[in-house]
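Residue numbers (this note's numbering): 3 to 565. Even glycine gets a Cβ: it sits at the ideal position worked out from N, Cα and C. Take a look at the structure below.
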Amino acid sequence: MKRLIIYIVLLCSIDCLQAQRLFPSDFTFRIMNADSIDTLLNTNAMRSNVVTEVVLQGDKSVWLGTGLGISIIRDSITVETLQDTLELTNGAYTTRLPIGGISAMTTGDEGSSYDKFMFAAVAGSENDIPIGKGIVFTTDATDTTINWIYYDQPIDDALSDTIPFGDIGFIAVLPVTVPQANVTYDMDLSQEYAWTASWAGGLRRFKFSDQVWERVPLPMDSQYELTTCEDTSYVRVGARYILKDFYLNPRDPLDGGNHNHKAFSVLSYSDTIWVGTANGINRGILGSGNCIDWRHYAYPMDNLSGNFVVGLEIQRLNGKRVIWAATVNADDPTEQRGLSYTIDDGLSWNTALLGERIYNIAAFDSLVFAASANGVWKTEDGINWALYKPANQAIPIPNTAIYDLDEVLADQVYSVAFDSRSYYGDRSIWIGTGDGAAHSYDLNGLNWKIFRAEYDVEEDYAYPNPFSPYTHNVLNDNGYVRFHTNEWSGTFVIDIDIYNFAMEKVFAGSFDKRVASSGALKWDGRDQQGVYVHNGVYFVKLTYPDSQSSKPSPHWLKLIVVK
């Protein structure tokens, strides 16, 4: 398995914009292929184990945004991956997606007139620079065959330095003319609009009625408020009324730009929109005439934990709402990773889980879940938090003494979703990790069903291969290589023997499917003394019977270890 990590470089002028300086070193765009060099032709399977988005829709559909496209779980068991293509044109109808990783997904609120709508953003890389590869939209994501409309990544005309906004006037802008670093990282839907948050592209909205993308102004770094709904906020310049003392520019402040114009997260409901940027949180109120009045909250004045806001969520509890924000430290060395939340629409802010790298938040009634670099956290009061154990699967196989065993070999959890649908038992959770997706019917996470890409279910193989115990499948500071076998369901024990290139045995162990805590069939790259083996070629002998009537026999694999 190979991991392609692409660091963001901001390129948004007609020619070239100076590389972005403000970017947390651990916030990377991830694309991870399925564990095979072969293309998966069967769409009834996942193609990537990196799952960064989990979106629930309808009575039972679960959408997974992965490092290689979108997968759907429709019946709690079967995983279908949508087909993709390189041949898409702007505005065209298609049943396929652009080729790339899914950087954002959203669907309409349950019970709303747009609850069947879905948007998904696709991203890739070009010369190690992340690139937005477009957005797809459907008005009915519940169809067996989904018809999408494809849109190129939203960009501006190079001459559009003054653009209309709302029904009152115009705003001065720096045109964002290329898709490089213009990746859509978050999306949300309201009654009239789809909202997108992008690094270089900033905040944009898509009006369903006319299907046009529009840039949306956010306060500049120095502004605590921005009013666009008053005539007095505009000054006449020639035949136009221009929003005065304002310039929409996502460059760095040293280059005349604003960190607050680099958007990463968005949340909308009723007449309100929240936007997380590289310089805090913005609360907007939509006015008549499609305008927005903003209030800007930032560290340290407003008690946020950090200014880089990568996730937003709303919690509705006892008739009140709580807004949660996942923050990462930005410019100021005193900023912290963690959560910031407000119970009074931004009048005051509190913090939680300080020091934790949070990727995603989910809430339902009194429950709040936070997906983090160390796993999933849960709270019922916002103060006391419990950390879930890593997802472990031990499903009894009927009429046998064995279990269907697996485990997620990853500390990081990128996405979490609470599922209140009766089809899944009313109270369950889904998570997306770098090692697949997992579902627990038990809110305590005692047992999970894991969904993962497999490139050949009939063969024995090791993955990733080459393998590094320092970087692959890292769980509790240990890295693992997995072994996949085609063993028949009645196999109890699989013996594992590993030899170096000189055929000296360096490790011997066994995997017992009768023991629920066995986890995955794996090896941590250490010898019998617990010391990491040297780089090189190793031979793995897995001993198990090929059928119920046969005796155990050896099955050989070749593994390359590169630390």
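ALA265 and ALA199 - do their beta-carbons sit closer together than 8 Å? Here residue 199 corresponds to residue number 197 of the sequence shown, with the count starting at 1. Here residue 265 corresponds to residue number 263 of the sequence shown, with the count starting at 1. Yes, Cβ-Cβ distance for ALA199 and ALA265 is below 8 Å.
Tell me the rounded alpha-carbon separation between SER192 and GLY67. By one-based count along the sequence shown, residue 192 stands at place 190. By one-based count along the sequence shown, residue 67 stands at place 65. Distance between the alpha carbons of SER192 and GLY67: 21 Å.
For LEU228, list the residues DSSP reports as bridge partners. For the purposes of this step, residue 228 is identified with residue 226 of the sequence shown, where counting begins at 1. Per DSSP, TRP296.
Mark LEU448 as exposed unless 16 or more other C-beta atoms lie within 10 angstroms of its C-beta, in which case mark it buried. Sequence index remark: in the sequence shown, residue 448 carries index 446 (1-based). LEU448 is classed as exposed because its beta carbon has fewer than 16 other beta carbons within 10 Å across all chains shown.
CB-CB under 6 Å to ARG242, same chain, minus the five flanking residues each way: which ones, in chain order? Translated into positions along the sequence shown, residue 242 becomes position 240. The residues PHE172, in chain order, have a CB closer than 6 Å to that of ARG242 in the same chain once the five nearest residues on each side in sequence are set aside.
Taking 8 Å as the cut-off, does the segment 424-431 touch the segment 472-480 (at least 3 CB pairs, one atom from each stretch)? Inter-segment contact for the segment 472-480 and the segment 424-431 is absent: fewer than three beta-carbon pairs are separated by less than 8 Å.
Same chain, Cβ closer than 8 Å to TYR440, five either side skipped, listed in chain order: Mapped onto the sequence shown, residue 440 falls at position 438. Checking the sequence shown, residue 440 turns out to be Ala, not Tyr. Around ALA440: ALA393, GLN395, VAL410, TRP432, ILE433, TRP450, LYS451, ILE452, PHE453.
Cβ shell of GLY282 (< 8 Å), same chain only, five flanking positions each side left out: Looking up residue 282 in the sequence shown gives position 280. So the qualifying residues of the chain are ASN262, HIS298, TYR299, ALA300, TYR301, ASP304, LEU306, ASN309, VAL311.
Alpha carbons only, please: which of THR87, LEU88, VAL57 is nearest the one belonging to SER73? For this step, residue 73 is matched to residue 71 along the sequence shown. If we check each option's Cα against that of SER73, VAL57 comes out closest.
Outcome for ASN51 when other beta-carbon atoms lying within 10 angstroms are tallied against a minimum of 16: Sequence index remark: in the sequence shown, residue 51 carries index 49 (1-based). Classification of ASN51: buried, given that the 10 Å Cβ count is 16 or more.
Here's a check: name, in chain order, each residue in its chain whose Cβ is nearer than 7 Å to the Cβ of LEU43, leaving out the five neighbours to either side. For this step, residue 43 is matched to residue 41 along the sequence shown. Low confidence applies to LEU43: its pLDDT is 43, below 50, so where it sits in the model is not reliable, and the reading given next is rough at best. For LEU43, where only same-chain residues beyond five positions count, there are no Cβ hits under 7 Å.
May I have the straight-line CA-CA distance separating ASP413 from LYS391, to the nearest angstrom? In the sequence shown, the residue the question calls residue 413 occupies position 411. In the sequence shown, the residue the question calls residue 391 occupies position 389. Those two C-alpha atoms are separated by around 10 Å.
From this set, SER162, PRO156, VAL175, which residue's C-alpha is nearest ASN184's C-alpha? For the purposes of this step, residue 184 is taken as the residue at position 182 of the sequence shown. Closest option to ASN184, Cα to Cα, is PRO156.
Under 8 Å between the Cβ atoms of ASN292 and GLY168? Position 290 of the sequence shown, counted from the start, is the residue given in the question as residue 292. Position 166 of the sequence shown, counted from the start, is the residue given in the question as residue 168. A contact, by the Cβ cut-off of 8 Å.
Pick helix, strand or coil for SER430, following the three-state DSSP scheme. As a first step, residue 430 is located in the sequence shown; it is residue number 428 there, counting from the start. SER430 falls in the strand class under three-state DSSP.
For VAL214, does the count of other Cβ atoms within 10 angstroms reach 16, so buried, or fall short, so exposed? For this step, residue 214 is matched to residue 212 along the sequence shown. When all chains shown are included, VAL214 counts as exposed.
Taking the alpha carbon of ASP130 as the point to measure from, which residue in PHE420, GLN182, GLY438 has its own alpha carbon closest? Your numbering for residue 130 matches position 128 in the sequence shown. Taking ASP130 as reference, the option from PHE420, GLN182, GLY438 with the minimal CA-CA separation is GLN182.
Who pairs with TYR463 in a beta bridge, going by DSSP? Position 461 of the sequence shown holds residue 463. Answer is HIS486, bridged to TYR463.
Local Cβ density within 10 Å of THR146, reported as buried at 16 or more and exposed below that: Looking up residue 146 in the sequence shown gives position 144. A residue is called buried once 16 or more other Cβ atoms fall within 10 Å of its Cβ, and THR146, having fewer, is exposed.
Buried or exposed by the 16-neighbour rule on C-beta atoms within 10 Å, applied to GLU460: The residue labelled residue 460 in the question sits at position 458 within the sequence shown. Taking all protein chains in view, the Cβ of GLU460 is surrounded by fewer than 16 other Cβ atoms within 10 Å, so the residue is classified as exposed.
For PHE210, the nearest candidate out of LEU319, GLY110, ALA327, TYR416 (CA to CA): Position 208 of the sequence shown, counted from the start, is the residue given in the question as residue 210. Comparing Cα positions, the closest option is GLY110.
Buried versus exposed call for PHE119 [16 or more other C-beta atoms within 10 Å across all chains shown]: Position 117 of the sequence shown, counting from 1, holds the residue named residue 119. By the neighbour-count rule (16 or more Cβ atoms within 10 Å), PHE119 is buried.
Pairwise C-alpha distance: GLU358 and ASN376: Position 374 of the sequence shown, counted from the first residue, corresponds to residue 376. Position 356 of the sequence shown, counted from the first residue, corresponds to residue 358. Their backbone Cα atoms lie some 8 Å apart in a straight line.
Going by beta carbon distance, what residues of the same chain come within less than 8 Å of SER374, once the five residues before and after it are set aside? Walking along the sequence shown from the start, residue 374 turns up at place 372. Taken in chain order, the residues that qualify are LEU355, GLU358, ARG359, ILE360, TYR361, GLN414, VAL415.
Sub-8 Å separation of LYS380 and ILE345 beta-carbons: To locate residue 380, count along the sequence shown from 1; it is residue 378. To locate residue 345, count along the sequence shown from 1; it is residue 343. No, they are not a contact pair.
Would you call the CB atoms of THR179 and SER105 closer than 8 Å? By 1-based counting over the sequence shown, the position of residue 179 is 177. By 1-based counting over the sequence shown, the position of residue 105 is 103. Their beta carbons are not under 8 Å apart, which means THR179 does not touch SER105 by this criterion.
Whose C-beta lies closer than 7 Å to the C-beta of GLY259 among residues of the same chain, with five residues either side of it excluded? Position 257 of the sequence shown, counting from 1, holds the residue named residue 259. Annotation for GLY259: ASN251, PRO252, ARG253 place their beta carbon closer than 7 Å to its own, counting only its chain and skipping 5 residues before and after.
Spatial neighbours of LYS553 within its chain, please: C-beta separation below 7 Å, excluding the five flanking residues on both sides. Here the question's residue 553 lines up with position 551 in the sequence shown. Excluding residues within five positions, the ones whose Cβ falls inside 7 Å are PRO547.
What are the boundary residues of the beta strand (DSSP E) that includes TYR472? Counting from 1 along the sequence shown, the entry for residue 472 is found at position 470. No residue range can be given for TYR472, since it is assigned to no beta strand (DSSP E) and is classified by DSSP as neither H nor E.
Along the chain, where does the beta strand (DSSP E) that runs through ASN362 open and close? Your numbering for residue 362 matches position 360 in the sequence shown. From DSSP, the beta strand (DSSP E) with ASN362 extends over 360-366.
If you draw a straight line from the C-alpha of TYR443 to the C-alpha of ASP247, how long is it? Position 441 of the sequence shown, counting from 1, holds the residue named residue 443. Position 245 of the sequence shown, counting from 1, holds the residue named residue 247. Between TYR443 and ASP247, the C-alpha separation is close to 54 Å.
Below 8 Å between beta carbons: does that hold for THR108 and MET189? Stepping through the sequence shown from its first residue, residue 108 is reached at position 106. Stepping through the sequence shown from its first residue, residue 189 is reached at position 187. Going by C-beta atoms, THR108 is nearer than 8 Å to MET189.
Can you tell which of GLY136, ILE170, PHE366 has the C-alpha that lies nearest to the C-alpha of TYR236? Along the sequence shown, read from residue 1 onward, the residue named residue 236 stands at position 234. When each option's Cα is compared against that of TYR236, the closest is ILE170.
Distance between GLY384 and ILE363 (C-alpha atoms, nearest Å): Here the question's residue 363 lines up with position 361 in the sequence shown. Here the question's residue 384 lines up with position 382 in the sequence shown. For ILE363 and GLY384, the distance between alpha carbons rounds to 12 Å.
C-beta atoms of VAL175 and ARG217 nearer than 8 Å: Residue 175 sits at position 173 when you count from the first residue of the sequence shown. Residue 217 sits at position 215 when you count from the first residue of the sequence shown. Less than 8 Å divides the Cβ of VAL175 from the Cβ of ARG217.
Whole angstroms are fine: how far does the CA of ALA160 sit from the CA of LEU228? Counting from one through the sequence shown, the residue named residue 228 turns up at place 226. Counting from one through the sequence shown, the residue named residue 160 turns up at place 158. The alpha-carbon of LEU228 is positioned some 26 Å away from that of ALA160.
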